[in-house]
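S.K.:
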Amino acid sequence: MKRLLIIPLICLQACTNDTPSDHADDSQHVDMPSNKILIPPAVQSNLGITFATVERRNVTDSLRVPGKFEYLPSA
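Per the numbering used here, the sequence shown starts with residue 2, numbered consecutively.
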């Protein structure tokens with residue numbers, strides 16, 4: 002019975018409305034590297050990669066094939 006009271010009390014203790022304080026060492030923070038891979042236009046053209054504006058619609062068909070993509074810096 003005590004466990005049933007202790008667990009919610011611990012959870013409630015962790016909840017506060019305090020706003021986090023600003024760090025004094027903000028100038029030392031470094032941006033994380035991006036997860037983007039830049040593909041040159043010539044490679045896009047050779048592979049037939051095209052881009053389109055995002056739009057909401059129903060998926061009409063799907064195709065699943067086994068395999069993996071490997072990024073080659075010399076591509």
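By construction, the Cβ of each residue, glycine as well, lies at the ideal position given by its N, Cα and C atoms.
Hey, quick one: how far does the alpha helix (DSSP H) through leucine 48 stretch, first residue to last?
M.R.: 42-48 is the extent of the alpha helix (DSSP H) around leucine 48.
S.K.: Using 8 Å for Cβ pairs, my map puts isoleucine 50 next to isoleucine 40. What's the rounded Cβ distance?
M.R.: About 7 Å separates the two Cβ atoms, so the contact holds.
S.K.: Output the boundary residues of the alpha helix (DSSP H) element that contains arginine 58.
M.R.: Counting along the chain, arginine 58 falls outside any alpha helix (DSSP H), and DSSP gives it neither H nor E.
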